[in-house]
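Trainee: There's a structure below that I have some questions on.
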Amino acid sequence: MDSNSFNPEELGHKWLTDTLTPDEKLRFEQWYADFNDEELLISDSQYFSAEQIKESILNQINSKIDENPAPKVKIYKLWRNLAAAAAVVLAIGVAVLYRAPILNLVDPVKQLTLTTNSGEYRQIYLPDGTHIWLSPATTLSYPEKFRGKLRNVDIEGEAYFEVKHDTDHPFVIQSGAVKTVVLGTSFDIQAYAQAKSIDVTVISGKVGVSAKTGTTTEMLTANQRTVYQKTTASLIKENYPNAAKFLDRRKGIFDFNGASLAEVIHDLEVQYSTHITLAPGLTSKTFYGRLQTTNPINHTLDKLGTVMELRWEKQNGTYLLHP
């Protein structure tokens, strides 16, 4: 291409369409380096101003960018980062949701068991601050520390509870076929294996009591109790105005206000883990008085015999009471 045939408009159009030959590209670049583009005559071109040419060039550049997206490796890297972030979020969510099970696998909580002997009364504080008075021949199973939503313990025998209030973590007591759920209150549970019933008596606050065989929960407030009859698997709710007696009973002090002698003997058998037999005609007699069951059984029977004009003797491991 000689100088007479040099057509800058044509070469400019070829440059925009990327159709320049190497020779044309060299001559066009040399011409453009020495040329004042503001003086270019573009009357024969499709462009009417220098700004239109600049805008067209910019559009061509943007078009090339759109036609050549970023390498896939960068996309893969982005997805890899997103996947890693999602995995972190998922891991945190799983850790929160299954925090207790995960902790139990990594750092298992020991289950502790405490059993009282015949005539032994004992007090214990649980990790959450709950205070428990254990009666004789009672077994309490509890964790060394509470984890999870519930504070679970098991009891066989008799115990008086003052549960530390915690709305978010209900305190649940399993006693045989009966489950007692509380938030914070004081109550007594009698759940000896050999007894015919399981009794829950509320001194203050509110508790819910349910049986394995039932579908309903009995809500108890102060001076109320439930009696679960083992033979019929029935749960009965009743008023119990004398509930405050358990404040002394938790310490081994029994106040009898006209109780039948049969009832008195039953309580003594449970507290001392022994057998006591009444002579015929004595079971319906009533007793008024206070007995301290932390004393040896012979002292307790001596006091009972003095008030009721009875004598006692021991034969083959069984205590016999006579007129």
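Heads up: the sequence shown at position 51 corresponds to 51 in UniProt numbering, and the numbers run straight through without jumps. Virtual Cβ for every residue (Gly too), placed ideally from N, Cα, C. Bear in mind the structure is a predicted one, so any value in this text is a computation, not a measurement.
1. How many angstroms separate the CA atom of Ser45 from the CA atom of Lys14?
2. For Glu39, count neighbouring Cβ atoms within 10 angstroms of its own Cβ and tell me buried if that reaches 16, exposed if not.
3. At what residues does the alpha helix (DSSP H) containing Gln271 begin and finish?
4. Can you tell me where the alpha helix (DSSP H) holding Phe246 begins and where it ends?
5. On the premise that Tyr272 lies in contact with Ile253, defined as a C-beta separation below 8 Å, what is that separation, rounded to the nearest angstrom?
6. Could you tell me which of Asp166, Ala195, Leu11 sits nearest to Val181, measuring between CA atoms?
7. With Ile189 and Ile173 assumed to form a contact (beta carbons below 8 Å), what rounded beta-carbon distance in angstroms separates them?
8. What are the partner residues of Met219, as DSSP defines its beta bridges?
9. The beta strand (DSSP E) spanning Leu134 covers which residue range?
10. Leaving out the 5 sequence neighbours to the left and right, which residues in its chain are closer than 6 Å to Asn152 when beta-carbon positions are compared?
11. Taking C-alpha atoms, which residue in Ser284, Phe246, Asp248 lies nearest to Ala262?
12. Would you mind working out which of Lys145, Leu134, Gly208 sits nearest Leu112, comparing C-alpha positions?
13. Do Ala177 and Gly157 come within 7 Å of each other at the CB atom, strictly closer than that value?
14. Just the C-alpha distance for Thr213 and Tyr192, rounded to the nearest angstrom, thanks.
Mentor: Here's the rundown:
1. Low per-residue confidence applies at Ser45: pLDDT is 49, beneath 50, and the placement is therefore not dependable, though the value from the model is reported in the following sentence. Using only the alpha carbons, I get a separation of about 13 Å.
2. For Glu39, the predicted model reports a pLDDT of 47, less than 50, meaning its position is unreliable; a value from the coordinates is still stated below. Burial is judged here by how many other beta carbons sit within 10 angstroms of a residue's own beta carbon; Glu39 has fewer than 16 and is exposed.
3. Gln271 -> alpha helix (DSSP H) spans 261 to 272.
4. It spans 246 to 249 - the alpha helix (DSSP H) in which Phe246 sits, taken as one unbroken run.
5. Rounded to the nearest angstrom, the Cβ distance from Ile253 to Tyr272 is 15 Å, too far for a contact under 8 Å.
6. Nearest of Asp166, Ala195, Leu11 to Val181, Cα basis: Asp166.
7. Going by Cβ atoms, the distance from Ile189 to Ile173 rounds to 6 Å, so yes, they are a contact pair.
8. Note: Met219 sits in a beta bridge opposite Gly208.
9. Taken as a continuous stretch (DSSP letters only), the beta strand (DSSP E) holding Leu134 covers 131 to 134.
10. Apart from the 5 residues on each side of it in sequence, Asn152 sits with its Cβ closer than 6 Å to the Cβ of Val172 in its chain, given in chain order.
11. Residue Ser284 is the option with its Cα nearest to Ala262.
12. Answer by Cα proximity: Lys145.
13. Note that the C-beta distance between Gly157 and Ala177 is not below 7 Å.
14. Straight through space, the alpha carbons of Tyr192 and Thr213 are spaced by roughly 19 Å.
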